[in-house]
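Colleague: Got a structure here, written out as structure tokens. Questions coming.
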Amino acid sequence: MSLLTGFEQPIDQSQHAFRLILKALSEPGHRVTLPGGPAWAPLNAASTAALLTLADQETPLQLCAALKNEQVLTNIRFHSGAPLAATAQEVCFALFDGHVQAADLQALPHGTEISPEFGATVIVQLAELENGAALRLTGPGIESQRLIAPRLPPALLDYLVNRPQRFPLGLDILLTCGDRLLAIPRTTRVEVC
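The sequence shown: position 173 = 173 (UniProt numbering), numbered continuously.
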């Protein structure tokens with residue numbers, strides 16, 4: 001097991017990645033390409049960049065079994081200091097592959113009426129950000145509507161279409177594939193076309 005590189009220019013690249021992730025969150029469904037950087041297998045480059053940019057010592061993580069190995073954990077600890085969450089309710093960032101289940105999403109914190117910002121951010125690695133069911137996004141950051149068609153796992157599609165929590169509660173979703181990322185924040189309404 002060895003340490004892998006983080007960003008070559010940590011300050012510049014993390015600031016650039018942060019601005020792009022913020023753009024994706026403020027314009028739901030808009031795809032961004034994160035700056036060239038490492039991919040800590042089995043994490044893709046966009047998931048790695050998101051963790052390098054967003055995770056720190058105060059943001060407990062959860063990784064699904066398929067994405068968790070000793071090398072990934074060592075590099076997360078070294079580069080960000082982010083701890084693994086002891087329970088699902090402590091999670092700030094959760095990372096799943098394309099096999100995320102409804103129980104995985106339900107177990108995560110969805111915020112409270114007083115503090116909705118305590119809802120988790122879920123990063124889901126997908127094989128494709130296209131060729132899935134056509135989805136219509138509406139809500140803040142979208143002028144009228146935006147159409148996307150990521151190939152989503154059934155449980156995630158069901159969660160997005162039938163959000164079980166009342167606004168402002170919920171999960172912010174970051175979808176990644178390769179070095180690309182798109183976001184569906186909890187404020188976005190999703191319909192299957």
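Glycine included, every Cβ here is placed at the ideal spot set by N, Cα and C.
Given this structure, state the Cα-to-Cα distance separating P35 from A88, to the nearest angstrom.
Modeller: Counting from 1 along the sequence shown, the entry for residue 35 is found at position 35. Counting from 1 along the sequence shown, the entry for residue 88 is found at position 88. One C-alpha to the other measures close to 30 angstroms.
Colleague: Give the DSSP bridge partners of A183, in chain order.
Modeller: Here residue 183 corresponds to residue number 183 of the sequence shown, with the count starting at 1. Answer is L174.
Colleague: What's the C-alpha gap between R166 and L3?
Modeller: Indexing the sequence shown from 1 puts residue 166 at position 166. Indexing the sequence shown from 1 puts residue 3 at position 3. Rounded to whole angstroms, R166 to L3 spans 42 angstroms at the Cα level.
Colleague: Given a cut-off of 8 angstroms on the beta-carbon distance, is the pair L157 and A133 in contact?
Modeller: As a first step, residue 157 is located in the sequence shown; it is residue number 157 there, counting from the start. As a first step, residue 133 is located in the sequence shown; it is residue number 133 there, counting from the start. Yes.
Colleague: Please classify residue 198 as buried or exposed, where buried requires at least 16 neighbouring CB atoms within 10 angstroms.
Modeller: Residue 198 is absent from the structure shown; the chain starts at 1 and stops at 193.
Colleague: DSSP three-state call for I123: helix, strand or coil?
Modeller: As a first step, residue 123 is located in the sequence shown; it is residue number 123 there, counting from the start. DSSP places I123 in strand when its eight states are reduced to three.
Colleague: For L61 versus L95, is the C-beta distance shorter than 8 angstroms?
Modeller: Taking the first residue of the sequence shown as 1, we reach residue 61 at position 61. Taking the first residue of the sequence shown as 1, we reach residue 95 at position 95. Contact: yes.
Colleague: Quick one: measure Cβ to Cβ for P153 and E130, integer angstroms, because I've assumed they're closer than 8 angstroms.
Modeller: The residue given as residue 153 occupies position 153 in the sequence shown. The residue given as residue 130 occupies position 130 in the sequence shown. Between E130 and P153 the Cβ distance is about 15 angstroms, and since that is not below 8 angstroms, they are no contact.
Colleague: Is the CB-CB distance between L108 and V190 below 8 angstroms?
Modeller: Taking the sequence shown and counting its residues from 1, the one referred to as residue 108 is at position 108. Taking the sequence shown and counting its residues from 1, the one referred to as residue 190 is at position 190. Against a cut-off of 8 angstroms, the Cβ pair of V190 and L108 comes out as no contact.
Colleague: Using CA atoms only, rank isn't needed, just tell me which of E117, I184, R180 is closest to N44.
Modeller: Indexing the sequence shown from 1 puts residue 44 at position 44. Nearest of E117, I184, R180 to N44, Cα basis: R180.
Colleague: Would you kindly report the start and end of the unbroken alpha helix (DSSP H) that includes I148?
Modeller: Walking along the sequence shown from the start, residue 148 turns up at place 148. Per DSSP, I148 lies in no alpha helix (DSSP H) segment; the continuous beta strand (DSSP E) that holds it begins and ends at 146–148.
Colleague: May I have a chain-ordered list of the beta strand (DSSP E) segments no shorter than 3 residues that lie completely inside the stretch 66–149?
Modeller: 93–96, 121–125, 135–138, 146–148
Colleague: Measure how close the beta-carbons of G29 and I173 come, nearest whole angstrom, since I'm counting them as under 8 angstroms.
Modeller: Here the question's residue 29 lines up with position 29 in the sequence shown. Here the question's residue 173 lines up with position 173 in the sequence shown. About 11 angstroms separates the two Cβ atoms, so there is no contact after all.
Colleague: Compute the Euclidean distance between the alpha carbons of T121 and I114, then round it to the nearest angstrom.
Modeller: Your numbering for residue 121 matches position 121 in the sequence shown. Your numbering for residue 114 matches position 114 in the sequence shown. For T121 and I114, the distance between alpha carbons rounds to 18 angstroms.
Colleague: Leaving aside the five residues before and after G139 along the sequence, list all residues of the same chain whose C-beta is less than 6 angstroms from its C-beta, in chain order.
Modeller: The count along the sequence shown starts at 1 and reaches residue 139 at position 139. Closer than 6 angstroms at Cβ, skipping near neighbours: T187, T188, R189.
Colleague: Report yes if the C-beta distance between D97 and Q125 is below 8 angstroms; otherwise report no.
Modeller: For the purposes of this step, residue 97 is taken as residue 97 along the sequence shown, with counting starting at 1. For the purposes of this step, residue 125 is taken as residue 125 along the sequence shown, with counting starting at 1. Taking 8 angstroms as the Cβ cut-off, D97 and Q125 qualify as a contacting pair.
Colleague: Can you give me the C-alpha to C-alpha distance between A50 and F18, rounded to a whole angstrom?
Modeller: The residue given as residue 50 occupies position 50 in the sequence shown. The residue given as residue 18 occupies position 18 in the sequence shown. The C-alpha of F18 is placed about 8 angstroms away from the C-alpha of A50.
Colleague: Taking Cβ to Cβ, would you say T5 is nearer than 8 angstroms to P38?
Modeller: Translated into the one-based positions of the sequence shown, residue 5 becomes position 5. Translated into the one-based positions of the sequence shown, residue 38 becomes position 38. Result yes, Cβ atoms of T5 and P38 sit closer than 8 angstroms.
Colleague: For R146, which residues of its own chain have a beta-carbon under 6 angstroms away from its beta-carbon, when the five flanking residues on both sides are left out?
Modeller: By one-based count along the sequence shown, residue 146 stands at place 146. So the qualifying residues of the chain are G29, L137.
Colleague: Shortest alpha-carbon distance to A65 belongs to which of I76, V100, L105?
Modeller: On the sequence shown, position 65 is the one that residue 65 refers to. Out of I76, V100, L105, V100 has the C-alpha closest to the C-alpha of A65.
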